[in-house]
Amino acid sequence: MRPQTLLAAVGVSLLLHGCDENDDFDARDRGELGNGHFVYECLNDTDSACADGGTATLPQAMAVGGRFAMRFPVVSGAQPTVIAPAPSFVRPAGAGFEVLREGQFVMLAVNGNTEVVDLKHLRAANTAEVRVQAGNQPPVARLVLAEGQTLSLLAAPFDRDGVKLGGALVYTWRSSDASCVSVDSLAQLNRVTVRASGACVASLITEVAGTVFSVAVQVGGVLPDAGAGSDAGRPPINLDAGSVVEGTLDARVASNDSAVDGGVQ
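Residue numbering for the sequence shown is 29 to 293, as defined by our numbering.
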């Protein structure tokens, strides 16, 4: 059955089925026809949706360029196959799928006769900002380090509305001033270790999906207020999107051991 025929069948099915509220899964996981739930799978640990690189609740939105996998488990019988019927938005890539552009797209669970078992609409968005987090602390766009401190960080992509994006991405890292803050990262990972020197300001720069982003880093002091009248001496927050996020991780209050949980070892 062609994708157009599948979607036509889905339109009829939506009139006949409701959503099952009586299951143990997050509401975002439930299929829109009420016949089960979708399981979101991270292809690797660069997907910030999964803390352990395994499965997670469906993200609110997917990053353009991000890769992911999905399945639709059933209790017995042949397992449905999850497909992406709109290849202009999402295409098969290895063991999963790759998001190609912004917008709404649908994932279908189909049986061996290519009949639609259930479906799920997802949203794709461009990455507008990359924030960093230490351990279990919230992701931030500004970082305060003590002089001589070493800290391991994870990167998380966000869209223009501040929604955290799912999908495995490729990251590259550098510092705007290696004499102030040096970086150590394995190629393509969203994990980076930063090492601060003396009192100074710099930017932690990462490139994701062809776009460059920056997190302001202050060593041995406090960043200027976002509401201050002058930007003098303030490092850039986001080289492309220009978005300033209120939130500073003051890593000086935590020991290195407690701050690096989940980062580069």
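Where a beta carbon is used, it is the ideal one built from N, C-alpha and C, also for glycine.
Three-state secondary structure assigned by DSSP to residue i
i	result
Ala174	coil
Ala55	helix
Phe100	coil
Ser225	coil
Leu197	coil
Gly291	The predicted position of Gly291 is uncertain, since its pLDDT is 33 and thus under 50; no value can be drawn from it.
Ser204	coil
Phe186	strand
Asp73	coil
Gln107	coil
Leu217	coil
Gly82	coil
Val138	strand
Val191	coil
Ala230	strand
Gly93	coil
8 Å contact criterion, which residue i and residue j should meet: CB distance rounded
i	j	result
Asn154	Glu126	That belief does not hold up - the Cβ atoms of Asn154 and Glu126 are roughly 14 Å apart, past 8 Å.
Ala137	Leu147	7 Å
Ser225	Ser204	No, Ser225 and Ser204 are not in contact; Cβ-Cβ is about 13 Å, not under 8 Å.
Asn218	Leu171	No, Asn218 and Leu171 are not in contact; Cβ-Cβ is about 15 Å, not under 8 Å.
Gly195	Met90	5 Å
Val243	Ala169	6 Å
Pro185	Val236	6 Å
Val92	Leu128	7 Å
Residue i: first and last residue of the uninterrupted beta strand (DSSP E) it sits in
i	result
Asp212	209-212
Thr239	239-247
Arg298	Outside the displayed range of the chain (29 to 293) lies residue 298, so it cannot be described from this structure.
Leu150	144-153
Gln88	Counting along the chain, Gln88 falls outside any beta strand (DSSP E), and DSSP gives it neither H nor E.
Glu60	First-last for Glu60: undefined, no H or E at that position.
Ala121	118-121
Val160	157-161
Contact under 9 Å by Cβ, residue i with residue j
i	j	result
Asn139	Ala97	no
Leu197	Gly94	yes
Val134	Gly64	no
Arg151	Gln132	yes
Glu69	Arg99	yes
Arg117	Leu86	For clarity, residue 117 is Phe in the given sequence; the question names Arg instead. Not a contact, by the Cβ cut-off of 9 Å.
Val245	Val220	no
Arg56	Gln88	yes
Pro120	Ala114	no
Met202	Asp212	According to the sequence as given, residue 202 is Arg; it is not Met. No, the Cβ-Cβ distance between Arg202 and Asp212 is not below 9 Å.
Cβ-heavy atom distance, residue i to the ligand SAM, below 8 Å
i	result
Ser225	For the ligand SAM, the structure offers nothing, since it holds no ligand at all.
Cutoff 9 Å: residue i Cβ touching any chain E Cβ
i	result
Lys192	Here chain E cannot be found, since the structure has a single protein chain.
Task: Three CB pairs or more closer than 8 Å across the region 217-237 and the region 152-172 - done: yes
Open item on the list: Taking 8 Å as the cut-off, does the region 62-76 touch the region 172-180 (at least 3 CB pairs, one atom from each stretch)?
Closed with: The region 172-180 makes no contact with the region 62-76, as fewer than three CB pairs between them are under 8 Å.
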